[in-house]
Amino acid sequence: MSNSKFKVGICGGGIGGLCAALALSRYDDIDVDVYESASSFSEVGVGIGIWPRVWQILKELGLEDALLKVALEQPSNSEVPTFNYRKSDQTSGIDITTMYAKSGGLKPFYRPDFLNVLLQHLPDRFNLYVEKRLISYTLSATGSVEMQFANNTLATCDLLIGADGIKSTVRRTLFTREAQHCGDESRATEIKSAIDAVWSGITAYRSVIPTDVLSKHYPNHPIFTQPTHYLGRNAHVIAYPIAQGRLVNFAAFNARYDLDNPKFEGPWTSTAPKDELKDLFAGWEPSVLALVECTGDPLKWAIHTVKPLHSFVSSNEPVVLLGDASHACEPFQGLFLLFPSKRPKTNDAYILAAILGHQKTRKDNLIHMLSVYDEIRRSFATDVARRSRAAGKAFALHSEDLYFDPSKLQDLQQLLESVRQRWEYVWDSTLKIDGNLKLIV
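Right, here's the structure in full:
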């Protein structure tokens with residue numbers, strides 16, 4: 011402890027928070043406490059997909075060998091097929107295209123397996139706490155961040171990372187405090203307008219299917235050999251094997267792009283009856299109907315997003331937002347998580363840790379160094395959200411081209427080519443921070 015230059019508190023023990031902790035573990039002079047609101051560190055049992063850009067970061071963090079032990083297949087450095095795309099909202103579906111990616115393409119994992127690898131690689135010197143739901147934080151007279159939790163306990167840190175998800179208490183507290191001290195009523199209103207997440211108009215249904223169940227119902231289903239994205243007007247389905255082939259990840263989406271500033275009534279997550287899925291995909295091709303038939307009652311998820319923020323950091327306190335807390339977007343951009351989200355949490359964690367671990371970063375200049383993080387990440391994350399929205403519309407067969415005809419194969423292929431171009435950087439680029447804290451991509 012005597013060699014520590016400062017202590018970091020991470021609010022949120024999901025993938026984003028644990029990636030931040032792991033990235034910070036490379037620096038012996040930084041202490042870390044992780045606070046998780048749930049009773050254990052766990053994740054919903056669905057699939058995630060990791061693209062080459064993020065895989066390189068995970069390799070640098072020393073996770074490659076452990077992740078390959080729970081992977082479906084060994085990695086490749088060649089150009090490989092990632093997804094087959096089909097127009098499926100008809101009884102006889104048609105192939106549109108197969109998307110190829112360089113550097114081995116997509117690596118699918120079972121989300122709980124991935125989280126366990128992160129947990130196993132955290133050093134013993136870090137403290138992990140559960141049942142720590144943050145209520146608010148304040149700044150002490152000495153400049154430390156004092157956190158208040160729902161179980162009537164307190165904790166302090168020198169820097170607080172809010173990795174507490176789309177309903178982030180850290181974001182709410184940060185912007186409430188910013189609004190109170192900005193001195194301008196209209197500006198305060200603008201700041202507070204970004205606190206609450208908004209519904210995207212998209213509802214997702216997620217489940218995992220035992221491979222043997224699907225195999226009995228539909229022998230030689232196409233997704234056993236090629237991850238597939240089934241597209242239709244206002245709805246689409248993604249399916250691919252996970253958990254070393256024991257399970258199939260299933261994700262279905264229903265998009266309401268016709269709604270203006272939609273508001274979602276009811277809980278954001280709930281269990282939906284399978285009949286709701288059957289009604290949504292009635293009349294689709296048999297391979298989709300087989301997937302629907304083999305799901306249990308899926309988890310229904312109203313996809314909310316965070317409005318573009320004026321900052322990911324406090325202007326006068328050592329507090330920073332990470333992952334969904336700062337830039338929750340629709341899960342269609344391909345940067346990290348195939349489903350349930352594609353938000354660039356690992357990229358956030360890697361860059362933030364590089365800045366905090368830099369030799370020039372000290373306890374007395376944390377606020378300034380956090381502004382460097384904000385400058386690097388915020389514009390990129392905003393662009394990811396924009397690209398993700400466009401990709402989601404393409405998957406629901408919406409196009410900005412007034413002459414787009416979803417019945418024409420060429421139009422469908424051109425639409426998906428626009429998606430491929432938006433995704434290229436996830437396999438064509440890497441992410442590095444040099445000694446001068448300049449981003450190298």
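In terms of our numbering, the sequence shown is residues 11 to 451.
Every residue, glycine too, gets a C-beta built ideally from N, C-alpha and C.
| query | result |
| --- | --- |
| Can you tell me whether DSSP reads Gly-402 as helix, strand or coil? | helix |
| Check this for me: beta carbons of Leu-332 and Tyr-120, under 8 Å apart or not? | no |
| Classify Tyr-110 as helix, strand or coil using the three-state DSSP reduction. | strand |
| What's the gap between the Cα of Leu-129 and the Cα of Asp-206? | 30 Å |
| Less than 8 Å between C-beta atoms, sequence neighbours within five positions excluded: which residues of the same chain meet that for Glu-156? | Tyr-147, Thr-148, Leu-149, Ser-150, Leu-164, Ala-165, Thr-166 |
| Just to confirm, is the Cβ distance from Asp-38 to Val-80 under 8 Å? | no |
| Quick check: the Cα distance between Ala-265 and Val-42, rounded to an integer number of angstroms? | 40 Å |
| Indicate whether Arg-388 and Asp-358 have their beta-carbon atoms separated by less than 8 Å. | no |
| Within its chain, find whatever has a CB closer than 7 Å to the CB of Phe-185; leave out the 5 residues flanking it on each side and keep chain order. | Ile-201, Lys-202, Ala-204, Ile-205 |
| Could you tell me which residues DSSP pairs with Lys-97 in its beta bridges? | Ile-104, Leu-241 |
| So, with DSSP's three-state summary, where would you put Ser-297? | helix |
| If you run the structure through DSSP and keep just helix, strand and coil, what is Asn-264? | strand |
| Just to confirm my understanding: we take Ile-365, look at its own chain, exclude 5 residues before and 5 after, and list those with CB closer than 7 Å. What are they? | Thr-371, Met-379, Val-382, Tyr-383, Leu-447 |
| Is Leu-71 closer than 8 Å to Ala-33 when the C-beta atoms are compared? | yes |
| Taking 6 Å as the limit between beta carbons, can you name the residues of its chain near Trp-294, skipping five residues before and five after? | Ser-98, Asp-99 |
| Please state whether DSSP places His-368 in a helix, a strand or coil. | coil |
| Expressed to the nearest angstrom, what Euclidean distance is found between the alpha-carbon atoms of Val-302 and Leu-287? | 7 Å |
| Leaving out five residues before and five after Phe-291 in sequence, what residues of the same chain have Cβ atoms less than 6 Å from its Cβ? | Val-298, Val-302 |
| Leu-348 to Tyr-413, Cα distance in whole Å? | Note that Leu-348 scores 40 on pLDDT, short of 50, meaning its location in the model is unreliable and no value can be drawn from it. |
| Which whole-angstrom value describes the C-beta separation of Ser-210 and Ile-313, a residue pair presumed to lie in contact below a C-beta threshold of 8 Å? | 5 Å |
| According to the Cβ coordinates, are Ala-245 and Thr-238 closer than 8 Å? | no |
| How is the beta strand (DSSP E) around Arg-216 delimited, first residue to last? | 208–220 |
| Would you kindly report the start and end of the unbroken beta strand (DSSP E) that includes Asn-137? | 137–139 |
| Looking only at its own chain, which residues have a Cβ that is under 8 Å from the Cβ of Gly-103, when we skip the five neighbours before and after it? | Arg-96, Lys-97, Tyr-240, Trp-294, Glu-295, Ser-297, Val-298 |
| Output needed for Ala-31: all residues of its chain with C-beta closer than 7 Å, excluding positions within five of it in sequence on either side, in chain order. | Ile-20, Val-42, Val-44, Leu-132, Phe-136 |
| Between which residues of its own chain and Trp-65 is the CB-CB distance below 7 Å, once the five residues before and five after are set aside? | Lys-117 |
| If you draw a straight line from the alpha carbon of Gln-236 to that of Gly-242, how long is it in whole angstroms? | 19 Å |
| State the DSSP-derived secondary structure class of Lys-117, mapped to helix, strand or coil. | strand |
| Going straight from the alpha carbon of Leu-345 to that of Pro-229, what length do you get? | At Leu-345 the pLDDT is 39, less than 50, meaning the model places this residue with poor confidence; the figure from the coordinates comes in the next sentence. Going by the C-alpha atoms only, they are around 32 Å apart. |
| Output yes or no for whether 8 Å exceeds the beta carbon distance between Thr-315 and Cys-339. | yes |
| Taking C-alpha atoms, which residue in Ser-47, Asp-307, Pro-220, Asp-374 lies nearest to Gln-158? | Ser-47 |
| Got a sec? Which residues, its chain only, sit under 8 Å from Ser-50 by beta carbon, not counting five neighbours each side? | Val-140 |
| Measure the C-alpha to C-alpha separation of Asp-457 and Thr-179 and round it to an integer number of angstroms. | Residue 457 lies beyond the residue range present for the chain, which begins at 11 and ends at 451; the question has no answer from this structure. |
| Please report the distance separating the alpha-carbon of Arg-397 from that of Thr-152. | 42 Å |
| Using the Cβ count rule (16 or more neighbours within 10 Å means buried), how would you classify Arg-197? | exposed |
| If the criterion is Cβ atoms closer than 8 Å, does the pair Pro-62 and Val-394 meet it? | no |
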